[in-house]
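Residue numbers (the numbering used here), protein chains in the order written: chain S, 89 to 241; chain U, 89 to 241.
Accompanying notes for the structure given below.
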DNA sequence: CGATTATTGATAACGGTTTCTCATGAACGA
DNA sequence: TCGTTCATGAGAAACCGTTATCAATAATCG
């Protein structure tokens, strides 16, 4: 069993993780969260990451995100509007996509009960696009801010 | 590594697997394929299933299907029209859903290159609906076995 | 400060899927 | 039918994300 702590303690590791999610602005896998939070909490271990992700998810601070083709669970901050995700097939980062195609209900076959849906876009993120120099490996949230306007196929 | 056979032999196991996919009409995991094909090929082993799924996928007969929240790869027959999937959260079977919500392109953020998309519906299949009215079952031979997943504390 | 105890970090263990190994059996061409 | 060689089946082993273990550390409060 798991004994429930009488009080939740505020540790530097946990706040470092939260900062990592805030600055990333996209769903993170445990390993990604570790990489991003470690600079803020030296010595941070993967076990602590898993523990805190679970704790924060239980508190409603984080929300688990499952994506096709990748078994590892990701987490993102709760409280965001309905959105979906873009999965870069090159660097395997996942970005948030505002909006929703709608028209979901008509797809549901007779006899099925719809409880939710997920839309995942696949392709290349700006940093991984072939037409651009890939000198900058995507490691932070910065790549979503590309202003290059390139008509895609 | 792997040596490529000079000739592809037609085995009872392989045709049994294909029949399983044809009669199922939905994406199957290796274990599901094994369960459905075993009655057609006694003694069928899981290793053979994996080998043939890979071979058939390489031949373009089967196509891998990845779904959120489930790490195991599924396969379905190639040559079908564009469609998506309905994932029953109770029995964890996956069904095909004709059609597509469309309106995908407008979702793509600037700077991203879209290469594909996946829409997954979640909910309950007819066999798992709380109501006892099971007059409309999925066309497949659904084994309504609810696999218990490890509960989280 | 000092006691209490939640939390941490390193690592072993876990669980499930997939692949490998290899002796046996089956397909196919000659 | 025979012989060659690919395919099979059973189990071992690899793989990998996640969780458990446990001594050490640090947060909280009187």
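In this text, a Cβ means the ideal position worked out from N, Cα and C, and glycines have one as well.
- Contact residues of the region 143-157 of chain S toward chain U are 154, 155, 156, 157 (C-beta to C-beta distance below 7 Å).
- The beta-carbon separation of residue 163(U) and residue 155(U), rounded to 12 Å, does not stay under the 8 Å limit for a contact.
- Out of 165(S), 182(S), 167(S), the CA that lies nearest to the CA of residue 173(S) is found in 182(S).
- Note that the C-beta distance between residue 201(S) and residue 217(U) is below 9 Å.
- The beta carbons of residue 153(S) and residue 118(S) sit no closer together than 9 Å.
- For residue 192(U), the nearest beta carbon of chain S is closer than 9 Å to its own beta carbon.
- DSSP places residue 152(U) in the uninterrupted beta strand (DSSP E) bounded by 150-155.
- For residue 167(S), the three-state secondary structure derived from DSSP is coil.
- Residue range 100-112 is occupied by the alpha helix (DSSP H) that includes residue 109(U), with no beta strand (DSSP E) assigned at that position.
- Here residue 122(U) carries a helix assignment [DSSP, helix/strand/coil].
- Distances from the CA of residue 213(U) to each of 196(U), 195(U), 175(U), 97(U) were compared; the closest alpha carbon is that of 175(U).
- Within its own chain, the residues whose Cβ lies closer than 8 Å to the Cβ of residue 107(U), once the five positions on either side in sequence are excluded, are 125, 128, listed in chain order.
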